[in-house]
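Report on the structure given below.
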Amino acid sequence: MPPATTNLARNVLMWFRRDLRLHDNPALLSALGQPDRIPAAQHLYPVYCLEIPTKKKCGHRRWIFLLECLHDLDANLRKLGSRLFVVRGLAPDVLPLLVQHWNVSELAVGECHEPFAVARDNDVAQQIAPHGCDFKSFPGRTLFRPQDVLARTGNGKAPLTMAAFSKIAERLPVPTPVDAPASLPSLGDDAITALRNALDPATFDALAGPQGDFSVPTIEPDGTVPELHLTTPIPAHEQSPHRGGETEALRRLDAYLSDHARVTQFEKPKTSPAAFYPNADTTILSPYTTYGALSVRTFRAGIDRVYRAAKGKHSKPPVSLLAQLYWREFFMTAGATTLNFEQMRRNPICLQTEWKCIPGETTRESHPDDYAMLDAWAEGQTGYPWIDAIMVQLRREGWVHHLARHSVACFLTRGDLYISWERGAEVFEDLLLDHEWALNRGNWMWLSASAFFHQYFRVYSPVKWGQSWDSEGVFIRKYLPVLRKMPKQYIYEPWKAPIAVQRAAGCVVGVDYPKRIVDHDVVVKVNMTKMKTSHAAQREQAAMENGDSNGGRNGTRERSGNMRDRPL
DNA sequence: CGGAAGGTTGCTCCC
DNA sequence: GGGGAGCAACCTTCC
Numbered sequence: 001m002p003p004a005t006t007n008l009a010r011n012v013l014m015w016f017r018r019d020l021r022l023h024d025n026p027a028l029l030s031a032l033g034q035p036d037r038i039p040a041a042q043h044l045y046p047v048y049c050l051e052i053p054t055k056k057k058c059g060h061r062r063w064i065f066l067l068e069c070l071h072d073l074d075a076n077l078r079k080l081g082s083r084l085f086v087v088r089g090l091a092p093d094v095l096p097l098l099v100q101h102w103n104v105s106e107l108a109v110g111e112c113h114e115p116f117a118v119a120r121d122n123d124v125a126q127q128i129a130p131h132g133c134d135f136k137s138f139p140g141r142t143l144f145r146p147q148d149v150l151a152r153t154g155n156g157k158a159p160l161t162m163a164a165f166s167k168i169a170e171r172l173p174v175p176t177p178v179d180a181p182a183s184l185p186s187l188g189d190d191a192i193t194a195l196r197n198a199l200d201p202a203t204f205d206a207l208a209g210p211q212g213d214f215s216v217p218t219i220e221p222d223g224t225v226p227e228l229h230l231t232t233p234i235p236a237h238e239q240s241p242h243r244g245g246e247t248e249a250l251r252r253l254d255a256y257l258s259d260h261a262r263v264t265q266f267e268k269p270k271t272s273p274a275a276f277y278p279n280a281d282t283t284i285l286s287p288y289t290t291y292g293a294l295s296v297r298t299f300r301a302g303i304d305r306v307y308r309a310a311k312g313k314h315s316k317p318p319v320s321l322l323a324q325l326y327w328r329e330f331f332m333t334a335g336a337t338t339l340n341f342e343q344m345r346r347n348p349i350c351l352q353t354e355w356k357c358i359p360g361e362t363t364r365e366s367h368p369d370d371y372a373m374l375d376a377w378a379e380g381q382t383g384y385p386w387i388d389a390i391m392v393q394l395r396r397e398g399w400v401h402h403l404a405r406h407s408v409a410c411f412l413t414r415g416d417l418y419i420s421w422e423r424g425a426e427v428f429e430d431l432l433l434d435h436e437w438a439l440n441r442g443n444w445m446w447l448s449a450s451a452f453f454h455q456y457f458r459v460y461s462p463v464k465w466g467q468s469w470d471s472e473g474v475f476i477r478k479y480l481p482v483l484r485k486m487p488k489q490y491i492y493e494p495w496k497a498p499i500a501v502q503r504a505a506g507c508v509v510g511v512d513y514p515k516r517i518v519d520h521d522v523v524v525k526v527n528m529t530k531m532k533t534s535h536a537a538q539r540e541q542a543a544m545e546n547g548d549s550n551g552g553r554n555g556t557r558e559r560s561g562n563m564r565d566r567p568l
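1 is the number of the first residue of the first sequence in UniProt numbering; add one for each residue after it.
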């Protein structure tokens, strides 16, 4: 038993969320106490709450990546004589039980800033307070706290351009990563027994999982996870090449940073969306920063070391490697401080326009044709090989290049299908290993020219843009084998190939590969007109609300009042 | 306040 | 094929 501790005992429960690592983890380190000030914890209980089955928007490969991170975290904890307890259930339900029966005095977390996470954490803090347990949050998820950025904007609103954000970021202190612990406080000798004795058997079994020991769910070699009812085997060639975990994250970071020229000369718009693992132009570290298997503060420190070695000669924001971390902060700041950030309606920074398939406004039953188009896009069946190949890569690997995301997002929204960006965000949330709520929703607003970016007349061609990167069609041939033998002059537009050429290539359009679902050259003009009309309507509305005083400048639509002045 | 400058990553046409 | 103007025209930031 944990000794019948008095209230003076310091027992810490480390609640891991998006910080699945030992390096640069201030919350975890807090258990060690501080010399002469705070004693080391007597016991440390590392916990992850596995929220089954509520993560409906988390696809199979995302689950696998998360579980790999948990397995690696558990292994690394065990090297220090500890372990991870994976508790099945929602945090506000299960943490109070653990706190009570493990006699926990402090619950330590890495701070999260999403509105829903803040609400959840407040809930947990209230639930554990009656048990005499403090909720203590620590930095580490971001380089900068959204509040600290907001405090320097002058108007209390998140910056909407990278130039404005960078100006603030450059004046904020550079966070220093902390070392991984060399040792950890012990577990209670019989932490599991304590729970088994205190809880009724059904509750215990539900929390502890099928092994009865709070272990990480097992991933079978065929990719199935029986405990999570992920029972569809994934053939070897369709498994993601990106393996989760802190160990792999730090290996990839070191490998990337070892090429100093690549780091100092990095310019995002010059990296190719048609390059793919293991020869991608970019780091593919985003899945690791998403789950916190890699600390962004450690990442930044590594970039800074390379920059210093180059005596300050390096690319600059908004295109530099460091700026890629700034973009993450940029969207997290906006997401943490903008009302209704994840949707179009009642979102003060978002363009209002009449997309198809708006959540809550149409259904599959009311508009089956619109949703058929959405499905064709999501499944890689648009008939545009560049678009479809990207969606296949996304589905299979859980990662595609940022500019590839631009292409398919523009296609779904303002470019071709004029479908709600929220629907695209839902699909990405399901598929992306690196899904971050604020980045995903923010980038969908960007690409649909709903917020941040407004030059809707700049449209990506689903043919020309890919062609400019990969005229041979290597990328398409990899992910759409049906087009493998199509001559390069038709690989981006197979419908233009003479039927004899289609037959010779073994790919007849309409039989072996879909006909294109829209004619880009036609719909792009229609869509641009829709955007123009929506902007005009919005300016008119703003002029009305402002008594026509500013001619609609800064279109206030729902921006007036204090809608953005919400507490963090 | 008003207006100019600038905005990570477009396309087409022309030289 | 690489670079630059024109396309038609959005918003935020900054002075």
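Every residue, glycine too, gets a C-beta built ideally from N, C-alpha and C.
Straight through space, the alpha carbons of T382 and D375 are spaced by roughly 9 angstroms. When secondary structure is reduced to three states using DSSP, L44 falls in the strand class. Q343 has its alpha-carbon roughly 19 angstroms from the corresponding atom of A378.
Within the same chain, and ignoring the five residues on either side of L28 in sequence, the residues whose Cβ sits closer than 6 angstroms to its Cβ are M14. In this structure, the straight-line span from the alpha carbon of F452 to that of H43 is close to 47 angstroms.
The alpha-carbon of A438 is positioned some 15 angstroms away from that of Q324. Across the set H260, N11, H406 and D134, the C-alpha of H260 shows the shortest separation from the C-alpha of G302. In summary, F457 is exposed, with fewer than 16 beta-carbon neighbours lying within 10 Å of its beta-carbon over all protein chains present.
If you look at F135, you'll find it in the beta strand (DSSP E) that goes D134 to F138. Residue burial is scored here from C-beta neighbours: E365 has fewer than 16 other C-beta atoms within 10 angstroms and is therefore classed as exposed.
As summarised for the segment 472–525, the continuous alpha helix (DSSP H) elements at least 4 residues long and confined to that stretch are 474–479 and 499–505, given in chain order. Residue state for K268 is assigned as helix, using DSSP reduced to three classes. For the alpha helix (DSSP H) assignment, the uninterrupted runs of no fewer than 4 residues enclosed by the segment 264–314 are, from N- to C-terminal side, 286–290 and 296–309. Short of 7 angstroms from the beta carbon of Y418, and not among the five residues preceding or following it, lie these beta carbons of its own chain, in chain order: W355, K356, N527 and K530. Boundaries of the alpha helix (DSSP H) around G442: W437 to L447. Collapsing the DSSP output to three states places M344 in coil.
Here W15 carries a strand assignment [DSSP, helix/strand/coil].
Per DSSP, reduced to three states, the secondary structure at I38 is strand. Cβ-Cβ distances below 8 angstroms link W495 to G383, V509, K515 and R516 in the same chain, with the five nearest sequence neighbours on each side left out; the list follows chain order.
Using a Cβ distance threshold of 8 angstroms, P273 and H401 count as a contacting pair. Note: K356 is bridge-paired with I419 in the DSSP secondary-structure output.
Using a 10 angstroms sphere on the CB of R305, the tally of other CB atoms stays under 16, which defines it as exposed. The bridge partners DSSP lists for R88 are L50. Here the C-alpha atom of G380 lies approximately 15 angstroms from the C-alpha atom of V511. Under the criterion of beta carbons closer than 8 angstroms, F65 and P46 do not qualify as touching, at roughly 20 angstroms. The alpha carbon of D190 has as its nearest neighbour, out of V174, F214, H131 and P173, the alpha carbon of F214. An exposed status is given to I499, since fewer than 16 other beta-carbon atoms sit within 10 Å of its beta-carbon.
Under the three-state reduction of DSSP output, V459 falls in the coil class, being neither helix nor strand.
K464 and L97 have their C-alpha atoms spaced approximately 58 angstroms apart.
Here the segment 421–430 makes no contact with the segment 465–477; the two share fewer than three CB pairs at distances below 8 angstroms. For L403, the closest alpha carbon among the candidates K532, W386, R152 and R395 is that of W386. Secondary structure of E545 (DSSP, three-state): helix.
DSSP, reduced to helix, strand and coil, places E106 within a strand of the structure shown. In the three-state DSSP reduction, S450 falls in the coil class, being neither helix nor strand. CA-to-CA, the gap between L160 and T338 works out to about 11 angstroms. Following the DSSP letters along the chain, one finds R21 in no alpha helix (DSSP H), marked with neither H nor E.
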